[in-house]
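Working notes for the structure below.
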Amino acid sequence: MASFPLKGVVLGALEAVGLFGLFQRLAWRNQRLLILGYHGVALLDEHRWEPGLYQSPATFEARLQEILRGGYQVLPLSEAIGRLYDGSLPPRSLVLTFDDGFADFAEIVHPMLQRYRLPATVYITTCYCEAGGPVFNPFSRYLLWKCGRDGVDAAPLLGRPERWNLTTLEGQAGAFRSLHRWAKDRGLCPRKKDQLLDQLGLLLGVDLEPLRARRMFHLMRPAEVAELSRAGIDFQLHTHRHRTPMDQALFLREIADNRTVLEPLRGSPATHLAYPSGVHSEVFLPWLREAGVSSATTVESGIASRATDPLLLPRMVDTDTLSPVEFRAWLCGIRSLFPTRVRQAPLRPPPPGSPGSADPATAASRHEESATRL
Ligand SMILES: [Zn+2]
Numbered sequence: 437m438a439s440f441p442l443k444g445v446v447l448g449a450l451e452a453v454g455l456f457g458l459f460q461r462l463a464w465r466n467q468r469l470l471i472l473g474y475h476g477v478a479l480l481d482e483h484r485w486e487p488g489l490y491q492s493p494a495t496f497e498a499r500l501q502e503i504l505r506g507g508y509q510v511l512p513l514s515e516a517i518g519r520l521y522d523g524s525l526p527p528r529s530l531v532l533t534f535d536d537g538f539a540d541f542a543e544i545v546h547p548m549l550q551r552y553r554l555p556a557t558v559y560i561t562t563c564y565c566e567a568g569g570p571v572f573n574p575f576s577r578y579l580l581w582k583c584g585r586d587g588v589d590a591a592p593l594l595g596r597p598e599r600w601n602l603t604t605l606e607g608q609a610g611a612f613r614s615l616h617r618w619a620k621d622r623g624l625c626p627r628k629k630d631q632l633l634d635q636l637g638l639l640l641g642v643d644l645e646p647l648r649a650r651r652m653f654h655l656m657r658p659a660e661v662a663e664l665s666r667a668g669i670d671f672q673l674h675t676h677r678h679r680t681p682m683d684q685a686l687f688l689r690e691i692a693d694n695r696t697v698l699e700p701l702r703g704s705p706a707t708h709l710a711y712p713s714g715v716h717s718e719v720f721l722p723w724l725r726e727a728g729v730s731s732a733t734t735v736e737s738g739i740a741s742r743a744t745d746p747l748l749l750p751r752m753v754d755t756d757t758l759s760p761v762e763f764r765a766w767l768c769g770i771r772s773l774f775p776t777r778v779r780q781a782p783l784r785p786p787p788p789g790s791p792g793s794a795d796p797a798t799a800a801s802r803h804e805e806s807a808t809r810l
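Residue numbers in the sequence shown follow the working numbering, run continuously in steps of one, and reach 810 at the last position.
Given below as structure tokens:
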């Protein structure tokens, strides 16, 4: 972000004059709850591919140490939300949450959390957890980045003349769009998509075997979810297929299917949701209440107070692009007073009579497109 160096200088100056320490002690901060959101900690080099989604293990561990050094209290999600609204939060409260349920959580994150004795919630998308294998969208995008060559002849894969320049982010995005559209037009099932990944690896000259062996872009298996649940990790809802249709019946089915898989694994009802890709709308709120969902988190940066709607809780998404001083500014709360980039704007229902209003499928497909990162 262009303003990053200036922001760093300003925040550094505020910290140097003691404002961070002051904010840590304010009743204002102590009546508020910071919910941190993570997507992944790199198994290999994913943080270099997508620093806006992934962190290196070293950065993540430094964050945990910063949290403990600052005297912050990491609470389980359910307890924190209860205490936010009954006014009994301990000073400097925060919650750690992880989206999707990727295998790096079991391999890297969980052992670190155990070492530092910190609780966490994982919002899991159960369809990919049950299916096994790598998730097509991020894995294919990663492979295009990993190849990094110009003039790749995509004709053998797509069956039409097309050349890809994979040396630029723009070129990689264009190639991914072609590939995604090609797979979507053919309605490929997960097994066929997995075969397409093998073909893509051959075309790009990237050996998939070590990446598959490392379980890159795989979700945790059901047995791992059950085992980590028993070890104290709180698994919660993220919809079954990582989507939030604008049609009520389809939306409620996502929650129901998510629960059908998850609740036997965690051994108790799941009542907390993270909106997939942060896509949220006022339309969803009565549906969530009807489904007995007691809290829902967005990816809009902020710090929650008692006045916040529990179904629209803000979350600060922490990635490798966030500097240590900005992270500390979020912990003490001062950063929430500055403007932030909107990561995912709320989806507005179409006005009555507009072309999209009578067609929930249009809105649903728009959601689906916005969710391409999983
Ligand atoms: Zn997600």
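Every residue, glycine too, gets a C-beta built ideally from N, C-alpha and C.
Only a predicted model underlies this, so the values are computations on that prediction, with no experimental measurement involved.
Could you give the DSSP three-state label for P526: helix, strand or coil? In this structure, P526 counts as coil in the three-state DSSP scheme.
If you draw a straight line from the C-alpha of N466 to the C-alpha of F575, how long is it? N466 and F575: Cα-Cα distance of roughly 41 Å.
Label L450 either buried or exposed according to how many other C-beta atoms from any shown protein chain fall within 10 Å of its C-beta, with 16 as the threshold for buried. Taking every protein chain shown into account, the CB of L450 has 16 or more other CB atoms within 10 angstroms, so this residue is buried.
Spatial neighbours of A710 within its chain, please: CB distance less than 6 Å, with the 5 preceding and 5 following residues excluded, ordered by chain position. Apart from sequence neighbours up to five positions away, the residues of its chain that approach A710 with a beta-carbon distance below 6 Å are D535, Y559, H674, T733, ordered along the chain.
With a threshold of 6 Å on Cβ separation, who are the neighbours of V642 within its own chain once the five nearest residues in sequence on each side are excluded? So the qualifying residues of the chain are L579, K582, C583.
Can you tell which of V453, G454, L470, V445 has the C-alpha that lies nearest to the C-alpha of G769? When C-alpha distances from G769 are compared across V453, G454, L470, V445, the shortest belongs to L470.
For the alpha helix (DSSP H) that contains V697, what are its first and last residues? Looking at the DSSP string, the run of the alpha helix (DSSP H) that includes V697 is 684–702.
E712 CB to nearest heavy atom of ligand 1 below 6 Å: Note on identity: in this sequence residue 712 is Pro, with Glu being the wrong assignment. Checking the Cβ of P712 against ligand 1 gives yes.
Give a yes or no on whether the C-beta atoms belonging to Y564 and L530 are separated by under 7 Å. No; because the gap between Cβ atoms is not below 7 Å, this pair is not in contact.
Where the beta strand (DSSP E) containing S576 begins and where it ends: If you look at S576, you'll find it isn't in any beta strand (DSSP E); it sits in the alpha helix (DSSP H) that goes 572–583.
Using the C-alpha atoms, what's the distance from F687 back to L593? Each residue's alpha carbon lies about 34 Å from the other.
Among the residues of its own chain, which have a CB less than 6 Å from the CB of Q672, if the five just before and after it don't count? Apart from sequence neighbours up to five positions away, the residues of its chain that approach Q672 with a beta-carbon distance below 6 Å are T557, Y559, A706, H708, ordered along the chain.
Do G473 and R751 have their C-beta atoms closer together than 7 Å? In contact: G473 and R751 (Cβ atoms closer than 7 Å).
For R627, count neighbouring Cβ atoms within 10 angstroms of its own Cβ and tell me buried if that reaches 16, exposed if not. Exposed, because fewer than 16 other Cβ atoms sit within 10 Å of the Cβ of R627.
By how many angstroms is the C-alpha of H654 removed from the C-alpha of K629? Inter-residue distance for K629 and H654 is about 14 Å (C-alpha atoms, whole angstroms).
How would you label L724, buried or exposed, when you count the other beta carbons within 10 angstroms and need 16 or more for buried? With 16 or more Cβ atoms within 10 Å of its Cβ, L724 is classed as buried.
Is it the case that the CB of D540 approaches a heavy atom of ligand 1 more closely than 6 Å? Look at D540: its beta carbon is at least 6 Å from all of the heavy atoms in ligand 1.
Straight-line CA distance for L639 to D621? Using only the alpha carbons, I get a separation of about 21 Å.
Looking only at its own chain, which residues have a Cβ that is under 6 Å from the Cβ of L549, when we skip the five neighbours before and after it? Apart from the 5 residues on each side of it in sequence, L549 sits with its Cβ closer than 6 Å to the Cβ of A556 in its chain, given in chain order.
Rounded to the nearest angstrom, what separates R650 and L633 at their Cα positions? The alpha-carbon separation between R650 and L633 amounts to approximately 16 Å.
Which class does H616 belong to by DSSP, given the choice of helix, strand or coil? Here H616 sits in helix by DSSP.
Thinking C-beta only, is S741 closer than 7 Å to R468? Taking 7 Å as the Cβ cut-off, R468 and S741 qualify as a contacting pair.
Alpha-carbon spacing of E482 relative to E645, whole angstroms: Between E482 and E645, the C-alpha separation is close to 16 Å.
From M652 to L462, what distance separates their C-alpha atoms? Those two C-alpha atoms are separated by around 42 Å.
Quick one: using the 10 Å Cβ neighbour count with 16 as the cut-off for buried, is R551 buried or exposed? Exposed: under 16 other Cβ atoms inside 10 Å.
A611: buried (16+ other C-beta within 10 angstroms of its C-beta) or exposed? Residue environment analysis places A611 among the buried positions, since at least 16 neighbouring C-beta atoms fall within 10 angstroms of its C-beta.
Candidates H616, D586, L647, A590: which alpha carbon is nearest T603's? Answer by Cα proximity: D586.
What first and last residue would you give for the alpha helix (DSSP H) that runs through D630? Per DSSP, the continuous alpha helix (DSSP H) segment holding D630 begins and ends at 626–640.
So, is V545 buried or exposed, given that buried needs 16 or more other C-beta atoms within 10 angstroms? When all chains shown are included, V545 counts as buried.
Buried or exposed by the 16-neighbour rule on C-beta atoms within 10 Å, applied to P526: Sixteen is the threshold: since fewer than 16 other Cβ atoms of the shown chains lie within 10 Å of the Cβ of P526, the residue is exposed.
So what does DSSP say about A591, is it helix, strand or coil? In this structure, DSSP gives A591 a helical state, which the three-state scheme calls helix.
DSSP state of H483 mapped onto helix, strand, coil: Collapsing the DSSP output to three states places H483 in a helix.
Hey, G488 and T755: beta-carbon distance below 7 Å or not? By the CB criterion at 7 Å, G488 and T755 fall inside the cutoff.
Within 10 Å of its beta-carbon, does S737 have 16 or more other beta-carbons around it, so buried, or fewer, so exposed? Note on S737: 16 or more other CB atoms within 10 angstroms of its CB, so buried under the neighbour-count rule.
According to DSSP, simplified to helix, strand and coil, what is R599? It is a strand residue.
Could you tell me the boundaries of the beta strand (DSSP E) in which S665 lies? Where S665 is concerned, there is no enclosing beta strand (DSSP E), although the alpha helix (DSSP H) it sits in stretches over 658–666.
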